[in-house]
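Heads up: the structure comes next, in C-alpha coordinates.
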Amino acid sequence: MHTGSVPFTVDLHETEPPLDADAWEDIVEVSFRPVSDKTYLVEWDYLWYPLPLSESSYRVRYHCRGMDETHNAVRDAGELVLDEYLLRFWPSPPAPDRVVKETSQTAAYWHEFARKQPPGPTPEEHAEAERQAREEQEHTTLRQEMDAWGGRLPSDRLRNVRDKLRGVQGYLGTRYTSNGKCIWTEQLLP
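The opening residue of the sequence shown carries number 43 in the working numbering; numbering runs sequentially from there.
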(Lines of atoms letter the chains of each structure in order from A and count residues from 1; the text may use other names and numbers.)
(Lines give C-alpha, C1' and ligand atoms only; values in the text may rest on other atoms or scores of the structure.)
Protein backbone atom coordinates (compact mmCIF):
# COMPACT_ATOMS: atom_id res chain seq x y z
CA MET A 1 0.00 0.00 0.00
CA HIS A 2 1.44 3.33 -1.00
CA THR A 3 -1.21 5.56 0.54
CA GLY A 4 -4.35 4.87 2.54
CA SER A 5 -5.62 2.95 5.53
CA VAL A 6 -4.94 -0.74 6.08
CA PRO A 7 -6.46 -3.22 8.51
CA PHE A 8 -3.79 -3.70 11.19
CA THR A 9 -4.34 -5.83 14.30
CA VAL A 10 -2.02 -6.11 17.31
CA ASP A 11 -2.38 -9.00 19.79
CA LEU A 12 -0.57 -9.63 23.08
CA HIS A 13 -0.43 -13.28 24.19
CA GLU A 14 0.75 -14.91 27.42
CA THR A 15 2.43 -17.73 25.46
CA GLU A 16 3.41 -18.33 21.84
CA PRO A 17 0.22 -18.35 19.74
CA PRO A 18 -0.36 -21.12 17.21
CA LEU A 19 1.10 -20.48 13.78
CA ASP A 20 -1.66 -19.97 11.18
CA ALA A 21 0.53 -20.13 8.09
CA ASP A 22 -2.30 -21.07 5.71
CA ALA A 23 -4.16 -17.80 6.38
CA TRP A 24 -1.21 -15.51 5.60
CA GLU A 25 1.08 -15.02 2.59
CA ASP A 26 4.11 -13.71 4.47
CA ILE A 27 5.20 -14.21 8.09
CA VAL A 28 8.38 -13.15 9.91
CA GLU A 29 9.46 -13.37 13.56
CA VAL A 30 11.86 -11.15 15.49
CA SER A 31 12.82 -10.49 19.09
CA PHE A 32 11.78 -7.21 20.67
CA ARG A 33 12.55 -5.55 23.98
CA PRO A 34 10.89 -2.19 24.74
CA VAL A 35 13.25 0.44 26.14
CA SER A 36 10.50 1.83 28.40
CA ASP A 37 7.04 0.91 29.65
CA LYS A 38 5.58 3.31 27.06
CA THR A 39 5.51 1.60 23.66
CA TYR A 40 3.37 2.85 20.80
CA LEU A 41 2.35 1.80 17.31
CA VAL A 42 2.68 4.98 15.23
CA GLU A 43 0.99 5.60 11.88
CA TRP A 44 2.60 7.56 9.05
CA ASP A 45 0.36 10.53 9.82
CA TYR A 46 1.58 10.40 13.44
CA LEU A 47 -1.54 8.97 15.04
CA TRP A 48 -0.35 6.64 17.78
CA TYR A 49 -1.74 3.75 19.78
CA PRO A 50 -0.30 2.61 23.13
CA LEU A 51 0.79 -1.03 23.36
CA PRO A 52 0.53 -2.71 26.79
CA LEU A 53 4.13 -3.99 26.82
CA SER A 54 6.45 -4.07 29.82
CA GLU A 55 10.23 -3.67 29.69
CA SER A 56 10.88 -7.36 29.07
CA SER A 57 11.81 -9.58 26.15
CA TYR A 58 9.17 -10.49 23.56
CA ARG A 59 8.91 -12.45 20.37
CA VAL A 60 6.96 -10.69 17.62
CA ARG A 61 5.32 -12.40 14.66
CA TYR A 62 4.36 -10.14 11.75
CA HIS A 63 1.74 -11.50 9.33
CA CYS A 64 0.88 -9.97 5.93
CA ARG A 65 -1.38 -10.74 3.00
CA GLY A 66 -2.11 -8.81 -0.17
CA MET A 67 1.16 -6.84 -0.30
CA ASP A 68 1.77 -7.49 -4.01
CA GLU A 69 -1.80 -6.51 -4.98
CA THR A 70 -1.44 -3.19 -3.17
CA HIS A 71 2.27 -2.49 -3.73
CA ASN A 72 1.77 0.96 -5.30
CA ALA A 73 -1.93 1.33 -4.56
CA VAL A 74 -3.69 4.38 -3.20
CA ARG A 75 -6.85 3.46 -1.32
CA ASP A 76 -9.47 6.05 -0.50
CA ALA A 77 -11.95 5.64 2.34
CA GLY A 78 -14.64 3.10 1.48
CA GLU A 79 -12.65 1.31 -1.23
CA LEU A 80 -12.15 -2.45 -1.22
CA VAL A 81 -9.52 -3.73 1.26
CA LEU A 82 -6.96 -5.98 -0.43
CA ASP A 83 -4.20 -6.22 2.17
CA GLU A 84 -4.18 -6.96 5.90
CA TYR A 85 -1.60 -7.12 8.69
CA LEU A 86 -1.32 -8.79 12.10
CA LEU A 87 1.35 -8.23 14.77
CA ARG A 88 1.49 -10.73 17.65
CA PHE A 89 3.61 -10.31 20.81
CA TRP A 90 4.36 -12.89 23.49
CA PRO A 91 7.00 -13.14 26.24
CA SER A 92 10.09 -14.96 25.00
CA PRO A 93 13.87 -14.86 25.39
CA PRO A 94 15.76 -13.32 22.46
CA ALA A 95 16.15 -15.55 19.42
CA PRO A 96 17.43 -15.02 15.86
CA ASP A 97 15.14 -13.36 13.33
CA ARG A 98 13.45 -15.79 10.98
CA VAL A 99 11.35 -15.74 7.85
CA VAL A 100 8.53 -18.19 8.55
CA LYS A 101 6.79 -17.86 5.19
CA GLU A 102 7.59 -15.82 2.08
CA THR A 103 5.34 -15.86 -0.98
CA SER A 104 5.02 -12.24 -2.16
CA GLN A 105 7.53 -10.40 -4.34
CA THR A 106 7.30 -7.41 -2.00
CA ALA A 107 8.37 -9.49 1.00
CA ALA A 108 11.13 -11.17 -1.03
CA TYR A 109 12.52 -7.76 -2.02
CA TRP A 110 12.60 -6.48 1.58
CA HIS A 111 14.00 -9.73 2.97
CA GLU A 112 16.85 -9.59 0.44
CA PHE A 113 17.48 -5.95 1.37
CA ALA A 114 17.56 -6.88 5.08
CA ARG A 115 20.00 -9.76 4.47
CA LYS A 116 22.47 -7.31 2.92
CA GLN A 117 22.50 -5.06 6.01
CA PRO A 118 25.18 -5.44 8.69
CA PRO A 119 23.89 -7.21 11.78
CA GLY A 120 22.80 -5.08 14.72
CA PRO A 121 24.39 -5.46 18.15
CA THR A 122 23.67 -8.58 20.15
CA PRO A 123 21.96 -8.13 23.54
CA GLU A 124 25.38 -8.68 25.15
CA GLU A 125 27.02 -6.02 22.95
CA HIS A 126 24.17 -3.61 23.71
CA ALA A 127 24.53 -4.23 27.47
CA GLU A 128 28.30 -3.68 27.23
CA ALA A 129 27.79 -0.40 25.35
CA GLU A 130 25.36 0.77 28.06
CA ARG A 131 27.86 -0.21 30.78
CA GLN A 132 30.64 1.73 29.03
CA ALA A 133 28.39 4.78 28.63
CA ARG A 134 27.54 4.70 32.37
CA GLU A 135 31.24 4.34 33.22
CA GLU A 136 32.15 7.30 30.98
CA GLN A 137 29.41 9.42 32.57
CA GLU A 138 30.65 8.55 36.08
CA HIS A 139 34.21 9.44 35.03
CA THR A 140 33.05 12.77 33.56
CA THR A 141 31.09 13.60 36.72
CA LEU A 142 34.12 12.76 38.88
CA ARG A 143 36.44 14.85 36.67
CA GLN A 144 34.04 17.83 36.85
CA GLU A 145 33.88 17.56 40.64
CA MET A 146 37.67 17.40 40.86
CA ASP A 147 37.96 20.47 38.62
CA ALA A 148 35.47 22.33 40.81
CA TRP A 149 37.61 21.52 43.88
CA GLY A 150 40.94 22.52 42.37
CA GLY A 151 42.09 19.13 41.10
CA ARG A 152 41.38 16.88 44.07
CA LEU A 153 38.25 15.51 45.65
CA PRO A 154 37.02 17.02 48.93
CA SER A 155 36.59 15.05 52.12
CA ASP A 156 33.10 13.92 53.14
CA ARG A 157 33.13 16.60 55.84
CA LEU A 158 33.83 19.33 53.29
CA ARG A 159 31.15 17.95 50.98
CA ASN A 160 28.63 18.17 53.85
CA VAL A 161 29.54 21.83 54.40
CA ARG A 162 29.11 22.49 50.68
CA ASP A 163 25.68 20.83 50.69
CA LYS A 164 24.60 22.90 53.69
CA LEU A 165 25.81 26.09 51.99
CA ARG A 166 23.74 25.29 48.93
CA GLY A 167 20.69 25.50 51.16
CA VAL A 168 21.51 29.08 52.16
CA GLN A 169 22.82 30.37 48.84
CA GLY A 170 19.96 32.85 48.54
CA TYR A 171 21.18 34.53 51.72
CA LEU A 172 24.80 34.84 50.63
CA GLY A 173 26.63 36.99 48.11
CA THR A 174 29.36 35.07 46.29
CA ARG A 175 32.05 36.08 43.80
CA TYR A 176 33.50 33.56 41.36
CA THR A 177 36.49 33.43 39.04
CA SER A 178 35.89 33.13 35.29
CA ASN A 179 36.24 29.34 35.56
CA GLY A 180 33.63 29.07 38.34
CA LYS A 181 35.81 28.87 41.45
CA CYS A 182 34.55 30.70 44.53
CA ILE A 183 36.65 33.76 45.54
CA TRP A 184 34.67 34.80 48.60
CA THR A 185 31.23 34.62 50.16
CA GLU A 186 29.55 37.09 52.48
CA GLN A 187 26.17 37.49 54.07
CA LEU A 188 23.90 39.83 52.11
CA LEU A 189 22.37 42.78 53.90
CA PRO A 190 18.56 42.91 54.12
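Glycine residues also receive a C-beta, built at the ideal position from the N, C-alpha and C atoms. No experiment lies behind these values; they were computed from the predicted model shown.
Quiz item: What are the boundary residues of the alpha helix (DSSP H) that P165 is part of?
Solution: 165 to 190
Quiz item: For the 8 Å Cβ check, are there 3 or more pairs between the segment 57 to 72 and the segment 128 to 142?
Solution: yes
Practice problem: Confirm, please, whether the CB-CB distance from E56 to W132 is below 8 Å. | Solution: yes
Quiz item: What are the start and end residues of the beta strand (DSSP E) that includes E71?
Solution: 68 to 74
Exercise. Say whether the segment 105 to 113 touches the segment 140 to 155, bearing in mind that this needs 3 or more beta-carbon pairs closer than 8 Å, one atom from each stretch.
Key: yes
Self-check item: P135 beta carbon less than 8 Å from that of S99
Solution: yes
Exercise. Would you tell me roughly how many angstroms separate the C-alpha atoms of R140 and E172, rounded to the nearest one?
Key: 27 Å
Quiz item: Mind checking whether E71 and R101 have CB atoms under 8 Å apart?
Solution: yes
Quiz item: Between E121 and H113, what straight-line distance do the alpha-carbon atoms span, to the nearest angstrom?
Solution: 16 Å
Quiz prompt | Element boundaries [beta strand (DSSP E), containing Y104] | solution = 100 to 107
Self-check item: Reduced DSSP secondary structure (H/G/I, E/B, other) of T57
Solution: coil
Quiz prompt | Reference P49, options E85, L61, R75, D79, closest by Cα | solution = E85
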